[in-house]
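Asker: Protein chains in written order, with the working numbering: chain A, 1 to 112; chain B, 113 to 226.
This structure is in structure tokens; I'll ask about it shortly.
See below:
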């Protein structure tokens with residue numbers, strides 16, 4: 001069974017640009033979660049999508065946004081990139097109520 | 113009140129020794145406490161988890177001890193092996209129906225020397 005897949009693996013952007021990160025959940029999972037793992041800061045919750053709807057949002061500015069598609073895959077968009085947005089962005093997926101919660105390997109975003 | 117505090121930040125033990133990582137939380141609404149293991153270049157993987165109605169859970173060499181009154185929980189790795197060298201995160205959540213998400217500790221980098 002394929003796990004949670006994220007693309008691209010690495011992404012380099014210039015300050016002020018926009019970044020788009022993608023996540024494909026495990027087959028059957030309807031929930032997708034996004035986390036930011038910045039150096040020395042642990043994992044910070046960004047967004048939770050379920051059945052195409054945004055269900056919860058962490059303490060991040062509105063330039064962090066996303067969506068979930070009918071096939072349950074998800075996209076995270078970061079607008080007006082800042083240097084401090086450089087981090088590993090992790091996607092996780094689960095069945096309803098967190099059953100089978102599994103992380104992908106992440107997208108390393110570098111803002112220069 | 114959403115924070116989970118984890119210590120130590122780094123830990124070095126000898127092969128065969130016991131590794132102990134501690135976490136503390138404030139929010140008494142938390143009802144699920146997992147531990148994750150993360151290797152370089154990989155996402156975190158669930159290691160073991162506990163709910164507050166039990167004080168201890170053991171799976172192989174890994175044990176979670178939970179102290180509800182002190183709002184603390186810890187991970188013990190018995191007979192630590194070099195392959196256990198990784199970053200460990202404790203986490204907590206308070207029920208999926210409330211729009212829960214995992215709140216993570218800061219992580220502990222464990223090195224097991226051969």
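Ideal Cβ positions, reconstructed from N, Cα and C, are used throughout, including at glycine.
Answer with yes or no whether the minimum CB distance from residue 169/B to chain A is below 9 Å.
Answerer: False, the Cβ-Cβ gap to chain A never drops below 9 Å.
Asker: Which of helix, strand or coil does DSSP assign to residue 222/B?
Answerer: It is a strand residue.
Asker: Cβ closer than 7 Å: which chain A residues qualify as neighbours of residue 216/B?
Answerer: Under the 7 Å cutoff, chain A gives 42 and 43.
Asker: Just the C-alpha distance for residue 211/B and residue 115/B, rounded to the nearest angstrom, thanks.
Answerer: Summary for residue 211/B: the model assigns pLDDT 49, below 50, so the residue's position carries little reliability, and this model does not support an answer.
Asker: Mapping the DSSP letters down to three states, classify residue 66/A as helix, strand or coil.
Answerer: Here residue 66/A sits in strand by DSSP.
Asker: Report the rounded CA-to-CA distance for residue 61/A versus residue 192/B, giving the unit in angstroms.
Answerer: Residue 61/A and residue 192/B: Cα-Cα distance of roughly 41 Å.
Asker: Determine whether the beta carbon atoms of residue 143/B and residue 205/B lie at a separation below 9 Å.
Answerer: Contact flag set, yes.
Asker: So, residue 68/A versus residue 99/A, is the Cβ gap smaller than 9 Å?
Answerer: No, they are not a contact pair.
Asker: What did DSSP end up calling residue 121/B once you bin it into helix, strand or coil?
Answerer: In this structure, residue 121/B counts as coil in the three-state DSSP scheme.
Asker: Can you name the residues that DSSP bridges to residue 204/B?
Answerer: Answer is 215/B.
Asker: Measure the beta-carbon distance from residue 107/A to residue 86/A and round it to whole angstroms, keeping in mind my assumption that it falls under 8 Å.
Answerer: So it is not a contact: roughly 12 Å between Cβ atoms.
Asker: Starting from residue 103/A, find everything on chain B with Cβ-Cβ shorter than 9 Å and list it in chain order.
Answerer: The answer, in chain order, is 148, 150, 154, 155, 156, 157 and 158.
Asker: Which parts of the region 11-58 of chain A are runs of the beta strand (DSSP E), unbroken and 3 residues or longer, counting only runs that do not cross its ends?
Answerer: Counting whole runs of 3 or more residues, the region 11-58 of chain A contains the beta strand (DSSP E) stretches 19-24, 31-37, 43-50 and 53-57.
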